[in-house]
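A.B. asks: Residue numbering for the sequence shown is 15 to 439, as defined by my numbering.
Take this structure first; my questions come after.
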Amino acid sequence: MPKLQEKLAEVYAPQRDEIKQLVKEHGDKVVSQVTVKQVYGGMRGVKGLVCDTSVVPPDKGLIIRGIELKELTEKLPEEIFYLLLSGSLPNAEELADLQEQLRANQDVPAYVWDVLSAMPADSHPMAMFNTAILVMEKESVFRQRYDEGMKKDEYWMATLDDAIAIVAKLPAIAAWIYRKRFGKGEAIMPDPKLDCGANYVHMLGLGDPNGEFTKFMQLYLVLHSDHEGGNVSAFSAATVNSALSDLYYAISAGLNGLAGPLHGLANQECLRWIIEVNEKFGGAPSKEELEKFAWETLDSGKVIPGYGHAVLRITDPRFDAFLAFGKKYCMDSPVFQTVSNVFDVVPGVLRQIKKIADPWPNVDAGSGAMLYHYGLKEFSYYTVLFSVSRALGIASQAVVARAYGLPITRPKSVPTTWVKDQVAE
């Protein structure tokens with residue numbers, strides 16, 4: 015048995031027993047109250063889900079399996095995948111074993127290229143990406159084994175097989191879509207000697223003479239990999255998978271949610287604003303010019319994209335990581351210079367507005383500018399990059415949920431008349 019599977023078999027069994035005991039002893043304990051505002055406000059802040067892969071405290075930001083993000087920025091995406099699944103980082107032997115499993119599963123079936131080639135030439139890259147995932151559903155190990163009568167305590171193993179198969183193929187699919195959709199030439203085949211992030215850069219074909227773009231891609235895939243279980247993509251995928259729909263269905267469903275402008279479009283909007291600022295001033299403006307322009311933007315009733323977060327009350331540590339990378343490698347980029355200067359100016363402006371609870375930047379304030387700097391200038395493709403990363407977390411959450419034996423998701427809905435009656439009591 016591969017080392018990852020051995021590790022998970024060891025850690026999941028006692029965790030499953032612990033959860034069963036927790037429910038048995040404390041099943042009727044109230045853990046959250048729900049307000050009318052939350053019911054009509056997207057269930058924001060309602061504690062009604064369990065996610066052990068990551069947590070996002072408002073005063074700390076993303077923590078993956080108990081490790082703060084700042085401790086993980088030098089890791090490979092494969093190491094984060096192992097961490098999300100198992101709760102610990104792999105040693106060299108365990109990492110090599112996982113990378114070998116991914117390499118063995120990276121070949122994309124030829125029919126996927128046929129289907130994508132048959133799509134309209136102006137198809138959205140996310141529609142193409144999710145179509146590719148869904149069309150591969152016939153490859154699902156989970157579905158095959160379920161049809162054969164697989165035992166419930168083996169669900170996580172088959173889900174893991176699907177997770178590895180999907181994660182392994184996504185960089186090649188994403189790169190193929192980029193090259194074909196935007197007229198970049200023929201597809202570039204994966205290099206088995208490269209890690210996940212390096213291979214993605216290689217297959218995009220944009221060039222990386224000094225290796226900086228590879229370093230950035232490795233960081234990008236780490237930073238976007240997981241963000242609790244209540245965001246649209248993670249929650250959608252978990253709901254679909256809870257019905258024992260296999261991961262091909264579930265990941266496609268989750269990433270369809272990511273395609274929505276309220277979830278995955280923010281980095282594009284932030285980059286557009288940065289570019290507009292530079293065009294207005296004929297290059298990167300001074301901090302004094304930025305402060306004046308920020309006030310003009312706010313006074314006109316507009317917002318400054320990338321500032322504020324639904325959960326965080328600090329600078330998003332993912333933004334901090336991108337900012338540190340940019341200061342090391344991208345200070346000659348006018349786009350990045352403006353990102354850096356906006357960070358120095360805008361929080362101070364926003365703090366003067368009482369109704370703004372969080373004046374700090376989120377990850378989207380910097381990620382798009384970095385992609386633009388390295389030659390990825392097709393905005394509609396950015397969510398595909400996000401998806402390649404977020405699939406690591408979605409897949410890991412599904413494996414863990416099946417290991418825990420979690421049931422189908424089935425919250426209770428009520429009509430507005432019921433809510434009105436409750437308020438009247």
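Beta carbons are placed, not taken as given, at the ideal position from N, Cα and C, and that holds for glycine.
Please read all numbers here as calculations on a predicted model, not as lab measurements.
Could you give the distance in angstroms between the alpha-carbon of aspartate 111 and the alpha-carbon of glutamine 158?
C.D. replies: Between aspartate 111 and glutamine 158, the C-alpha separation is close to 25 Å.
A.B. asks: Quick check for students: name the residue ranges of the beta strand (DSSP E) that lie wholly in the stretch 355-397, counting only runs of 3 or more.
C.D. replies: Here no run is fully enclosed.
A.B. asks: Using three-state DSSP, classify glutamate 305 as helix, strand or coil.
C.D. replies: Helix at glutamate 305.
A.B. asks: Determine which residues share a DSSP beta bridge with isoleucine 81 and list them.
C.D. replies: Note: isoleucine 81 sits in a beta bridge opposite Ile78.
A.B. asks: Once DSSP output is grouped into helix, strand and coil, what is the label at tyrosine 321?
C.D. replies: It is a strand residue.
A.B. asks: Using the C-alpha atoms, what's the distance from serine 137 back to valine 44?
C.D. replies: Distance between the alpha carbons of valine 44 and serine 137: 47 Å.
A.B. asks: Return the residue from the list Asp167, Ile81, Gln115 that minimises the CA-CA distance to aspartate 175.
C.D. replies: Ranking Asp167, Ile81, Gln115 by Cα distance to aspartate 175 puts Gln115 first.
A.B. asks: Using a Cβ-Cβ cut-off of 6 Å (strictly less than) and excluding sequence neighbours within five positions of asparagine 144, which residues of its own chain qualify?
C.D. replies: Hits under 6 Å: Ser266, Leu269, Asn270.
A.B. asks: Starting from leucine 18, trace the alpha helix (DSSP H) in both directions and tell me its first and last residue.
C.D. replies: Leucine 18 -> alpha helix (DSSP H) spans 17-40.
A.B. asks: Taking lysine 316 as the reference, give the member of Ala324, Glu283, Asp334, Ala298 with the closest Cα.
C.D. replies: It is Glu283 whose Cα lies nearest to the Cα of lysine 316.
A.B. asks: Along the chain, where does the alpha helix (DSSP H) containing methionine 217 start, and where does it finish?
C.D. replies: Its alpha helix (DSSP H) spans residues 210-218.
A.B. asks: Express the C-alpha separation of valine 398 and aspartate 334 in angstroms, rounding to a whole number.
C.D. replies: Their Cα atoms are separated by approximately 22 Å.
A.B. asks: Within 8 Å, do at least three Cβ pairs link the stretch 389-406 to the stretch 218-238?
C.D. replies: Yes: at least three Cβ pairs fall under 8 Å.
A.B. asks: Taking the alpha helix (DSSP H) that leucine 130 belongs to, which residues open and close that run?
C.D. replies: Taken as a continuous stretch (DSSP letters only), the alpha helix (DSSP H) holding leucine 130 covers 124-132.
A.B. asks: Flag this pair as yes or no: are the beta carbons of histidine 387 and valine 349 separated by less than 7 Å?
C.D. replies: Taking 7 Å as the Cβ cut-off, histidine 387 and valine 349 qualify as a contacting pair.
A.B. asks: Return the residue from the list Ala338, Ala172, Pro123 that minimises the CA-CA distance to valine 149.
C.D. replies: With distances taken between Cα atoms, valine 149 lies closest to Pro123.
A.B. asks: Quick one: any contact between the stretch 291-307 and the stretch 350-361, if contact means 3 or more CB pairs under 8 Å?
C.D. replies: Segments in contact, yes.
A.B. asks: Aspartate 260: buried (16+ other C-beta within 10 angstroms of its C-beta) or exposed?
C.D. replies: With 16 or more other Cβ atoms within 10 Å, it is buried.
A.B. asks: I'd like to know whether the C-beta of aspartate 73 is nearer than 7 Å to at least one C-beta of chain C.
C.D. replies: No chain C is present in this structure, which holds just one protein chain.
A.B. asks: Under the rule that 16 or more other beta-carbon atoms within 10 Å means buried, what is tryptophan 170, buried or exposed?
C.D. replies: Under this definition tryptophan 170 is a buried residue.
A.B. asks: Using a Cβ-Cβ cutoff of less than 7 Å, which residues in the same chain neighbour isoleucine 178 once the five nearest sequence positions on both sides are dropped?
C.D. replies: Result list for isoleucine 178: Gln115, Leu116, Asn119, in chain order.
A.B. asks: Taking a contact to mean a Cβ-Cβ separation below 7 Å, would you say arginine 193 touches alanine 201 in this structure?
C.D. replies: Yes; because the gap between Cβ atoms is below 7 Å, this pair is in contact.
A.B. asks: Between which residues of its own chain and proline 209 is the CB-CB distance below 6 Å, once the five residues before and five after are set aside?
C.D. replies: Note that residue 209 is aspartate in the sequence shown here, rather than proline. Closer than 6 Å at the Cβ level, and outside the excluded window around aspartate 209, lie Leu90.
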